[in-house]
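Written out as structure tokens, the structure reads:
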């Protein structure tokens, strides 16, 4: 992004997490995994973010009983979450499964967060608490074949604390996809990674 200041933080977690410090200092965080590419200005996502109390994540599907394939081939996190995480976060696994179209599965690698008391109390602080508790974020036996770690925690916390906020009718993901894209392979890509020395 030419002529833009980009601030990079080491996201090592502790009780004074970098994401909390950044939110307090700058008021806004956009987090994107390394394959994220911007197609349009991020400001185009702000109306959707504000509509959802300051949190905008890419939703892959809404109902664990009807896993919706996306262009990335993702499914709901329900089947990839250890029971111990449900217990730690305080979500009934059966209720989560049976919540028709009100248990969104968020991607952990794309999100825009605007500081607000709602986003702090209902998303960021509970997510940080889980991340700092190894028995919550990575229960015994958890691996990428059976658990989605931060992604599962985010989806469950959103369900528990903001149930009904995101629906099929107000899904911001299609707009999100017009602003950012995910570049999974670099073959033929015009963006080539550079190394730092």
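In this note's numbering, the protein residues as written are 1077 to 1273. Glycine included, every Cβ here is placed at the ideal spot set by N, Cα and C. Predicted model, so just to flag it, every value in this text is computed and none were measured.
- Judged by DSSP secondary structure, residue 1135 falls within the beta strand (DSSP E) whose first and last residues are 1131–1137.
- For residue 1250, the closest C-alpha among the options 1186, 1237 and 1129 is that of 1186.
- Taking 4 residues as the shortest admissible run, the stretch 1147–1221 contains the following complete alpha helix (DSSP H) segments, listed from N- to C-terminal end: 1159–1165, 1169–1174, 1201–1208 and 1210–1213.
- 1131 is the residue among 1224, 1157, 1131 and 1172 whose C-alpha sits nearest the C-alpha of residue 1198.
- Restricting attention to 1116, 1223, 1245 and 1189, the CA atom closest to the CA of residue 1133 is found in 1189.
- Under the three-state reduction of DSSP output, residue 1249 falls in the helix class.
- The Cβ atoms of residue 1213 and residue 1234 lie no closer than 9 Å to each other.
- Boundaries of the beta strand (DSSP E) around residue 1257: 1256–1258.
- Closest by C-alpha distance to residue 1219, out of 1166, 1155, 1202 and 1248, is 1155.
- Judged by DSSP secondary structure, residue 1239 falls outside any beta strand (DSSP E); it is assigned neither H nor E.
- With at least 16 other beta carbons inside 10 angstroms of its own, residue 1139 counts as buried.
- Taking C-beta atoms as the reference points, residue 1180 and residue 1237 fail to come closer than 9 Å.
- Distances from the alpha-carbon of residue 1205 to those of 1248, 1164, 1104 and 1159 put 1164 closest.
- Residue 1252 is classed as buried because its beta carbon has at least 16 other beta carbons within 10 Å across all chains shown.
- Distance from the CA atom of residue 1100 to the CA atom of residue 1107, rounded to whole angstroms, is 15 Å.
- By the Cβ neighbour-count rule, residue 1184 is buried, with 16 or more other Cβ atoms within 10 Å of its own.
- Secondary structure note for residue 1113: its beta strand (DSSP E) is the uninterrupted segment 1112–1114.
- For residue 1108, DSSP records a beta bridge to 1186.
- In this structure, DSSP gives residue 1117 a state outside helix and strand, which the three-state scheme calls coil.
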